[in-house]
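Since the structure comes first, as structure tokens, the remarks are kept for the end.
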Amino acid sequence: MEATSSKAESTLQKSSLDVHAESNKRQYKSTSDTVILSADTESSQDGDSDEGTTPGMDDFSGLSPYEKKRLKNISENANFFASLQLSESAARLREMIKKRQPPESKRKKPKKKENGTGCRRSMRLLKVDPSGVSLPATPTQPILVADENPLLPPGPLEMTSENRDDNSELFKGFLQTWAEVSKTRSKNTEKALSSIKSYKANLNGMIISEDTVYKVTKGPIFSVALHPSEIRTLVAAGARSGQVGLWDLTHQPKEDGVYIFQPHSQPVSCLYFSPANPAHLLSLSYDGTLRCGDFSRAVFEEVYRDEGSSFSSFDFLAEDASTLIVGHWDGSMSLVDRRTPGTSCEKLINSSLSKIRTVHVHPVHRQYFITAGLRDIHIYDARCLKPSRSQPLISLTEHTKSIASAYFSPLTGNRVVTTCADCKLRIFDSSCISSKIPLLTTIRHNTITGRWLTRFQAVWDPKQEDCIIVGSMAHPRRVEIFHERGKWVHSFLGGECLASVCSINAMHPTRYILAGGNSSGRIHVFMN
DNA sequence: ATTTAATGCCTCC
DNA sequence: TGGAGGCCCTTAAA
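So for the first sequence, full-length UniProt numbering puts the first residue at 1; every next one is plus one.
Right, here's the structure in full:
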């Protein structure tokens, strides 16, 4: 750091010196208009201003005393005039600095790299044809784009592993596990609500170890899904890089159980196993596609594509996963029917929300779904959606800052939990959709994750109707569970195994398994 | 004016 | 020594 600051200092000095030199030069020129310089002084002038003074000095030494004196006088005069206007130019300079770069004077790094695009943008978003680009950095540009935003073709993509040999028998066995375990999973037993006491006891039995922490994607994790299998522990993670990492924790050593894929070119914002067939993993992305990873066929099918859009969140409207609701960043929504051929469909414009971060379907009354936008929470009836200007049934408007998420409680849908940038988690009573949705509880919780960490989203434990799970900034690092009435229930602490912030968390629907993803691609699993 | 989104650098092994 | 891992403030743009 010392090196960089001194480097910056030296460049700063250099630049100011350059300015001085320039003004001096200018002064020399202006004096040369009035004082006629002889031909041999011209070389000294050039040497002075450009190449350094030593050659000029050598020339000086060869002159007569009279000429030396004369040149000295000239230069003294010039310096005098220069000094007179120096203050003026210095003031101008200060003003320029003040105007042009106030951050630079305060802080060391306002902005770093300025390539042709200014900021990272995919070529697709820029609407630039990758073959026909003409940018200054021609040789590096395609590599950069290939690294950061590889353009993925429409249609199905083969499951080709990014990290390991995907032609081996091992890989075939791996996929087979994910495809077959789905069929053999036991049916959900009675979803009886545990008492808080027994629930707490179960949570206390969940542990983390070196074997249950592993890096499964490159870059920050944006979404996590736990496979419903009760036999194997299978975790999927979606990353900002567009990667999807799959981890079968039953493999030892653990690196043998991880395969990484690249089904998307931009962040994977939402990831769910199909409730109808857990051999299907649906992934949604900012890149404007919704894909379905089919383990039995080793492909990522394209379910829905809208080139101009950026998708933030989706959910299954029908329990058979045939119809979906997709939320867009720009506030619009799409109804997707997977039974109709083609991967595009009618888009439903929603004028009320300027942005959608999450959508979630009511677990019982599946015609209702809830959206979290910039400021407002809306609840819609899917049957009453119109191509343009769909009116929500209910709006919650009490959030004062941007909302990260809103989810119905998993079994009855009688509660809604929201995560807001005002450092409050709110629980609402949504047992009566047709009337008011009263606020039940407010939980103070630091939700300011800063620039480098994925935002928190409080989610329900799918098997515990009254408890929410949320990441935390607290030290030592932890994942918290709160009761809907606001009471703290449990903190998942992992000592050396949990040394970072788990922003995105998912709990197994029937077992006591928690998967938390951090902002460097690591998954942390607590299990009993 | 206020809020949001952005994404580089330090530490440690 | 280099690279992976972890991560707040701050700042520019909206």
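Note that beta-carbon positions come from the ideal geometry of N, C-alpha and C, so glycine has one too.
What are the start and end residues of the alpha helix (DSSP H) that includes residue i?
i	result
Ile-196	196 to 204
Which two residues bound the contiguous beta strand (DSSP E) that contains residue i?
i	result
residue 539	With the chain represented from 1 up to 528, any question about residue 539 goes unanswered, as that position is not in the structure.
Gly-245	244 to 248
Met-527	522 to 527
Ala-506	504 to 507
Phe-456	From DSSP, Phe-456 is part of no beta strand (DSSP E); its letter is neither H nor E.
Thr-289	289 to 294
Leu-514	513 to 517
Ile-448	Counting along the chain, Ile-448 falls outside any beta strand (DSSP E), and DSSP gives it neither H nor E.
Val-216	Premise fails: Val-216 is in no beta strand (DSSP E) and is neither H nor E.
Tyr-259	258 to 261
Identify whether residue i lies in helix, strand or coil by the three-state DSSP scheme.
i	result
Ala-179	helix
Val-268	strand
Glu-230	coil
Asp-211	helix
Leu-281	strand
Ser-168	coil
Arg-92	Any reading at Arg-92 must be qualified, since the residue scores a pLDDT of 40, below 50, and its modelled position is unreliable; no value is offered.
Val-361	strand
Glu-162	coil
Thr-510	coil
Lys-29	Unreliable positioning characterises Lys-29 in this predicted model, as indicated by a pLDDT of 31, which lies under 50. The coordinate reading is nonetheless provided below. In the structure shown, Lys-29 sits in a helix (DSSP, three-state: H, G or I).
Report yes if the CB atom of residue i is closer than 7 Å to the CB atom of residue j, and no otherwise.
i	j	result
Ile-468	Asn-505	no
Val-484	Arg-426	Here residue 484 is Glu; the residue named in the question, Val, does not match the sequence. Not a contact, by the Cβ cut-off of 7 Å.
Phe-222	Pro-253	no
Thr-371	Val-359	yes
Val-417	Ala-458	yes
Val-303	Leu-290	yes
Ser-229	Val-181	yes
residue 589	Ala-321	Outside the modelled stretch of the chain, which goes from 1 to 528, sits residue 589, for which no answer is possible.
Asp-287	His-264	yes
Leu-498	Met-507	no
Gln-367	Asp-381	yes
Cys-423	His-399	no
Tyr-407	Trp-460	yes
Thr-160	Gly-521	no
Ser-332	Lys-355	no
residue 609	Gly-517	Summary: the structure shown does not reach residue 609, with the chain confined to residues 1 through 528, and so no result is reported for it.
Phe-492	Phe-526	yes
Pro-392	Ile-379	yes
Ser-395	Leu-453	no
residue 555	Tyr-259	A query on residue 555 cannot be resolved here, the shown segment of the chain reaching from 1 to 528 and no further.
Ser-296	Ala-474	no
Asn-350	Ser-405	no
Say the cut is 6 Å; is the CB of residue i nearer than that to a heavy atom of the ligand SAH?
i	result
Val-361	Looking for the ligand SAH in the displayed structure turns up nothing, as the structure carries no ligands at all.
Ignoring anything shorter than 3 residues, give me the beta strand (DSSP E) runs that lie fully in the stretch 365 to 446, in order along the chain. 368 to 372, 377 to 381, 394 to 396, 403 to 408, 415 to 420, 424 to 429 and 439 to 444
In chain order, each beta strand (DSSP E) run of at least 3 residues that lies wholly inside the stretch 466 to 502: 478 to 483 and 488 to 493
Ignoring anything shorter than 3 residues, give me the beta strand (DSSP E) runs that lie fully in the stretch 300 to 351, in order along the chain. 311 to 316, 323 to 328 and 333 to 337
Closer than 8 Å is the cut-off here; do at least three beta carbon pairs connect the stretch 151 to 164 with the stretch 204 to 211? no
Closer than 8 Å is the cut-off here; do at least three beta carbon pairs connect the stretch 309 to 316 with the stretch 269 to 277? yes
Does the count of Cβ pairs from the stretch 426 to 435 and the stretch 403 to 415 closer than 8 Å reach three? yes
So, do the stretch 441 to 451 and the stretch 472 to 487 have three or more beta carbon pairs nearer to each other than 8 Å? yes
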